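Residue numbers (this note's numbering): 86 to 507.
Glycine included, every Cβ here is placed at the ideal spot set by N, Cα and C.
Here the structure is a predicted model, which is why all the values come from computation and not from measurement.
For reference, the structure discussed in these notes is given below.
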Ligand SMILES: Cc1cc2nc3c(=O)[nH]c(=O)nc-3n(C[C@H](O)[C@H](O)[C@H](O)COP(=O)(O)OP(=O)(O)OC[C@H]3O[C@@H](n4cnc5c(N)ncnc54)[C@H](O)[C@@H]3O)c2cc1C
C-alpha cells in the first residue's frame, strides 16, 4: 500500500507526541483526525496535570525543528547551562552540563508547549481536532476505536484508517492490544513518588540562578527545581513512598516543615506556602512501561509513552517521544509505503527506547547521590578535559542530551567502552 492510497490517519491523544505527530503528518498531506479526552487548551482551559515544566534537549528540538516549530517554541524556553548542586550547609556549586556554550538544556512549560503545538496543528486545513473524546480502546471484536464523548456521554467509533495511539503511559489502546494478545506489557513501578511545589518569584524575578537546574541531592531522595518564565521555579520532591524518609512519614504540616527544615533548609526558606502546596498537590507515581508488540498489523501503532513510558531522571521521556515522531517520518519518507511501516518502526526503535529506559533509571542514583561524591566530581572534570582535547570522546550524559545523531542504544555501547566513562 503506497502512502498516497491512505486517505487519513487517526491520532489518539493530543499530548506532546500526538500534537507534534498531527503536525508532521498533516505537513505530508495526510488528513489527520485527532481525538483527545481533555478540553481544548486553546480555550484557556488547560488542566493541571503532572510536571508543570520539563527539560527539552537536542532530540526533542530535532523533532520540533522537523515540524518548523522552533520559532514558536524556543521563545517559551529558558536555557539551563548546568545543575546547581545545593549542599546541606547551604553552599551551592554549578556543574556544567557540557563543555560548549551551546550545550544547554531548556526548561519549558508542558502546558505552553502542548498549546503551541495544538494551535499550529489546528491552523492546518487537513487537521481535525476533537476534544472531550475519551478513547475506550478497540471495539469488541472489531478493529475500530471506540470513544465516549465526555459532554454528551455518547459512544461512537472513528473511521477505520491507520491509527497512531499517543495516549500516554496509561494507554487505553495499549490495553486493547494486550487484551487481544497482540502486545505484552511489563510495568515496573518505582518505589519513589513525586510531588510538585512552587518557589515563587520575588518582585517578579527568580530568587535563584534562572539558568540552571537546581538539585538538593540527599542520597536516598532529592528535590529539584526548574525555572519558569514568570520568575517562579517549579520544585519537585522525589521521595520513597514508605520507610524512614518517605511520603508516608509526612502526614501533618509540622512533619513537612520539620523534614524540609532538616533536609533542605535553603529551599525551605524559599517556599512560603510549603505545607499548603504539599497537601494541595497530588503525589504522583513513576515507573517504566516495557511493551512488546507496539502495533496491530498496519492498523494501529503505539508511540511515545503509550509504547515506552520511562522514569523522568534523564529528562528524556518527551524528548524520546519527539524523536519517535521524527523517526517515523524518516522511515515513511524513505520507504514511501504503509505496508510493514508499523512493524519496522517497532523493530528499529525498541532497542533505543529500552536503552533510554535503563539510562533513565541509572540517572536517578547519579542525581540524588553521585553528584555529591568527590570522586564523581573528579571523574566528571577529567572527562570534560578529555572532551575538550579529543572530539571523539563524548561523555554519556552529553551523548544523550546533545547528540541526537547517536542513537540511544549506541550511547550505551559507547559509554561502556573502557576509555569512555560517563
Ligand atoms: C514528573 C515528570 C517529569 C518529567 N520531566 C520530563 C522532562 O524534563 N523531560 C522530558 O523529556 N520528559 C519528561 N517527562 C516525561 C514526559 O512527560 C512524557 O514522556 C511525555 O509527556 C510523553 O508524551 P506523550 O505524548 O507520549 O504522552 P502524554 O504527554 O502523556 O500525552 C498523552 C495524551 O493522551 C491523552 N489521553 C490519555 N488517555 C486518553 C484516552 N483514553 N482517550 C483520549 N485521550 C487520552 C492525555 O490527556 C494526553 O493529552 C516527565 C514526566 C514526569 C511524570
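query: beta-carbon residue 497 near ligand 1 non-hydrogen atom, thresh 8 Å; result: no
query: Residue 336 versus 413, 329 and 364, residue with shortest Cα-Cα distance; result: 364
query: Whole-number beta carbon distance between residue 323 and residue 306, since they are thought to touch under 8 Å; result: 6 Å
query: Assigned secondary structure, residue 134 (DSSP; H/G/I helix, E/B strand, else coil); result: Unreliable positioning characterises residue 134 in this predicted model, as indicated by a pLDDT of 49, which lies under 50. The coordinate reading is nonetheless provided below. Here residue 134 sits in coil by DSSP.
query: Cβ-heavy atom distance, residue 312 to ligand 1, below 8 Å; result: no
query: Cβ-Cβ distance between residue 439 and residue 251 below 9 Å; result: no
query: Straight-line gap, residue 470 to residue 488 (C-alpha atoms, nearest Å); result: 18 Å
query: Straight-line gap, residue 264 to residue 427 (C-alpha atoms, nearest Å); result: 19 Å
query: Three-state secondary structure (DSSP) of residue 239; result: coil
query: Run of the alpha helix (DSSP H) containing residue 112, from where it starts to where it stops; result: 101-112
query: Test item: CB-CB of residue 299 and residue 168 under 9 Å; result: yes
query: Heavy atom of ligand 1 within 8 Å of residue 413 beta-carbon; result: no
query: Cβ-based neighbour list, residue 134, same chain, cut-off 6 Å, excluding 5 preceding and 5 following; result: Confidence is the limiting factor: at residue 134 the pLDDT is only 49, short of 50, which leaves the residue's position unreliable, though a coordinate-based value still follows. No residues qualify anywhere along the chain.
query: Member of 498, 162 and 150 whose CA lies at the smallest distance from the CA of residue 315; result: 162
query: Nearest-angstrom Cβ-Cβ length linking residue 222 and residue 267, presumed shorter than 8 Å; result: In fact, because the Cβ distance is near 12 Å, the residues do not count as touching under 8 Å.
query: Assigned secondary structure, residue 97 (DSSP; H/G/I helix, E/B strand, else coil); result: strand
query: Simplified DSSP assignment, three categories, for residue 457; result: helix
query: Cβ of residue 467 within 9 Å of any chain D Cβ; result: In summary, chain D is missing from the structure at hand, where a single protein chain is found.
query: contact_flag[the stretch 454-466, the stretch 113-124] where n(CB pairs < 8 Å) is 3 or more; result: no
query: Reduced DSSP secondary structure (H/G/I, E/B, other) of residue 221; result: strand
query: Limits of the alpha helix (DSSP H) - the one that residue 234 falls within; result: First-last for residue 234: 230-234, but that is the beta strand (DSSP E), not the alpha helix (DSSP H).
query: Residue 317: CB within 8 Å of a non-hydrogen atom of ligand 1; result: no
query: Residue 444 beta carbon near ligand 1 (any heavy atom closer than 8 Å); result: no
query: Rounded C-alpha distance that separates residue 182 from residue 166; result: 6 Å
query: Simplified DSSP assignment, three categories, for residue 317; result: coil
query: Helix, strand or coil at residue 488 according to DSSP, with G and I counted as helix; result: coil
query: Same chain, Cβ closer than 6 Å to residue 318, neighbours up to 5 away in sequence not counted; result: 284, 310 and 312
query: Residue 180, enclosing beta strand (DSSP E) - first and last residue; result: 177-181
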